[in-house]
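Numbering (the UniProt record's numbering), first residue to last: 1 to 567.
Ideal Cβ placement from N, Cα and C applies to all residues, glycine included.
Only a predicted model underlies this, so the values are computations on that prediction, with no experimental measurement involved.
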């Protein structure tokens with residue numbers, strides 16, 4: 001049956017397929033009607049609006065168009081019927097409504113953002129401009145700058161008025177469509193009114209300020225004249241006199257410091273004068289004469305040429321003075337070279353009070369340099385250093401660890417005056433060092449001294465150690481006694497008499513003990529073989545006691561006994 005149906009209707013299949021293709025083509029084109037509605041979802045609305053919308057009418061036209069589009073969107077069908085196929089468009093209509101609402105919200109947000117952004121820029125400009133208009137210029141340069149600003153503000157104010165009108169139009173539109181406007185706009189409008197008032201009165205303020213500045217310049221000129229007069233009077237009263245060249249080095253350095261302080265004060269007044277004279281020229285004020293400046297400048301230069309040469313000499317001296325003495329004492333040749341260098345320099349300069357004083361100081365320092373060898377102190381003990389500090393009259397609490405070359409420079413006169421005492425102190429230290437070394441040598445000898453021993457075969461067959469070279473041991477003691485005796489020739493021997501007397505006693509006793517031991521050993525060596533063969537039996541018991549005792553000494557305690565003899 002079905003086969004026959006196909007056979008009988010085969011000629012109709014062509015039209016069926018053709019109609020099906022036409023139907024599917026219509027189905028594909030159903031979405032074309034909605035393409036323009038969904039395009040809003042394909043762009044960044046915020047960036048697009050911010051970039052192209054500037055005036056209130058841009059937003060207003062778009063909002064009106066949006067309302068029309070909203071009404072058109074309501075007319076869109078909810079479904080489309082294509083013969084036997086029904087296409088639902090409800091989801092598309094909902095999406096279109098959402099896009100239109102999003103576009104409306106974006107228009108409101110960008111409109112509010114545009115207003116607030118412009119208000120912020122205008123507010124910042126107005127605050128800065130009001131600050132400029134409120135400030136009173138204090139110089140001609142500031143007045144010129146204020147006038148330039150006034151011109152710039154005047155030109156910009158016209159543009160500012162247009163900007164504020166545009167903002168007000170936007171704000172009216174925002175209130176009508178968004179429910180509320182920009183809260184900061186009234187504040188900015190009041191600020192703008194204040195700006196206009198200040199701009200109108202700015203030129204009058206500038207003129208008043210010019211007169212005020214002129215008056216200030218005249219007042220400052222009078223004050224400057226008073227200052228230079230006071231400085232000149234103080235300078236004439238207290239400036240260093242030539243008689244000061246006879247004072248000590250610290251007094252001269254104090255005078256130089258006074259000159260430098262007055263130079264600083266004078267230079268500061270000169271800077272004020274130059275600034276005031278420039279302002280007088282700018283304000284067309286007559287320049288007052290200030291003869292005291294020229295007079296003091298000449299006097300200061302003359303005084304500096306006389307005195308600052310001494311400072312130059314002292315600067316190089318101070319570099320060495322700051323060095324630690326224990327480091328500098330091996331480099332005193334630098335001090336001598338520096339003095340010779342300045343000596344040659346002074347020979348090329350014309351005679352003056354300062355050159356005479358410098359030559360005098362250099363001569364004294366050369367004398368002092370000759371005595372520095374007695375202050376080196378490599379052989380000085382802590383007690384000797386204390387004595388040296390007392391000789392030189394140095395402050396209490398002075399120590400070698402903190403001693404600087406400058407401390408010796410400060411007492412250079414004491415070094416010159418006490419050369420003999422310093423020399424004697426060094427000789428004494430050297431003598432005491434010699435005695436101490438001799439005593440240490442004795443102590444070392446006492447620690448290392450030993451008898452030279454040899455083996456001796458006893459008659460009972462045992463081996464006993466006996467002393468071999470009595471003469472060497474005795475000579476060693478006598479050499480030590482001779483060394484001790486030589487110390488008595490030193491003038492500083494009396495300080496060590498306690499130690500040397502002990503050693504004299506020890507050595508004398510040791511010499512006696514050695515002689516006794518020599519005699520005992522000699523007799524024992526002679527008698528031991530006799531008693532060992534059994535001779536003299538009546539005395540055998542007595543000799544045996546002595547024999548045992550002596551061999552005990554020889555075998556185990558001889559070295560200890562010798563130490564006891566010495567110590």
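Mapping DSSP to helix, strand and coil, what is residue i?
i           : result
residue 536 : coil
residue 547 : helix
residue 327 : helix
residue 265 : helix
residue 565 : Unreliable placement is indicated for residue 565, whose pLDDT of 46 sits below 50; no coordinate value is reported for it.
residue 285 : coil
residue 463 : strand
residue 469 : coil
residue 404 : strand
residue 354 : helix
residue 379 : coil
residue 8   : helix
residue 559 : Confidence is the limiting factor: at residue 559 the pLDDT is only 49, short of 50, which leaves the residue's position unreliable and the question unanswerable from this model.
residue 106 : helix
residue 396 : coil
residue 450 : coil
residue 241 : coil
residue 135 : coil
residue 18  : helix
residue 98  : helix
residue 55  : coil
residue 154 : helix
residue 180 : coil
residue 274 : helix
residue 247 : coil
residue 130 : helix
On the premise that residue j lies in contact with residue i, defined as a C-beta separation below 8 Å, what is that separation, rounded to the nearest angstrom?
i           : j           : result
residue 160 : residue 192 : 7 Å
residue 217 : residue 276 : 6 Å
residue 486 : residue 449 : About 19 Å separates the two Cβ atoms, so there is no contact after all.
residue 206 : residue 143 : 6 Å
residue 124 : residue 182 : The pair is not a contact, with the Cβ atoms about 16 Å apart (cut-off 8 Å).
residue 187 : residue 110 : With 8 Å as the limit, residue 187 and residue 110 do not qualify as a contact, their Cβ atoms being about 22 Å apart.
residue 173 : residue 59  : 6 Å
residue 372 : residue 332 : 5 Å
residue 481 : residue 507 : 5 Å
residue 479 : residue 452 : Not a contact, Cβ separation roughly 16 Å.
residue 336 : residue 288 : That belief does not hold up - the Cβ atoms of residue 336 and residue 288 are roughly 56 Å apart, past 8 Å.
residue 256 : residue 311 : 5 Å
residue 516 : residue 550 : Going by Cβ atoms, the distance from residue 516 to residue 550 rounds to 12 Å, so no, they are not a contact pair.
residue 240 : residue 280 : Going by Cβ atoms, the distance from residue 240 to residue 280 rounds to 35 Å, so no, they are not a contact pair.
residue 572 : residue 352 : In this structure the chain extends from 1 to 567, so residue 572 is not present and cannot be described.
residue 258 : residue 232 : Not confirmed; about 15 Å, so no contact.
residue 157 : residue 199 : 7 Å
residue 346 : residue 412 : Rounded, the Cβ-Cβ distance is 18 Å, inconsistent with contact.
Using only CA atoms, which one of the options lies nearest to residue i?
i           : options            : result
residue 514 : 233, 219, 467, 504 : 467
residue 151 : 166, 98, 132, 162  : 132
residue 458 : 527, 396, 475, 476 : 527
residue 383 : 419, 429, 455, 353 : 429
residue 261 : 274, 244, 308      : 308
residue 324 : 400, 379, 126, 395 : 400
residue 495 : 214, 512, 431      : 431
residue 504 : 63, 390, 446       : 446
residue 162 : 55, 72, 200, 552   : 55
residue 381 : 519, 427, 208      : 427
residue 164 : 128, 180, 117, 204 : 117
residue 440 : 403, 405, 499, 456 : 499
residue 177 : 64, 214, 235       : 64
residue 344 : 99, 359, 334       : 359
residue 315 : 406, 248, 258      : 406
residue 210 : 141, 293, 433      : 141
residue 69  : 57, 99, 45         : 99
residue 201 : 403, 154, 121, 410 : 154
Let's see if you can read the secondary structure: which residues bound the alpha helix (DSSP H) around residue i?
i           : result
residue 224 : 185 to 238
residue 391 : 382 to 391
residue 316 : 291 to 321
residue 50  : 45 to 52
residue 344 : 332 to 347
residue 413 : 412 to 417
What residue range is occupied by the uninterrupted beta strand (DSSP E) comprising residue i?
i           : result
residue 453 : 453 to 457
Can you find a C-beta in chain C that's less than 9 Å from the C-beta of residue i?
i           : result
residue 281 : Here chain C cannot be found, since the structure has a single protein chain.
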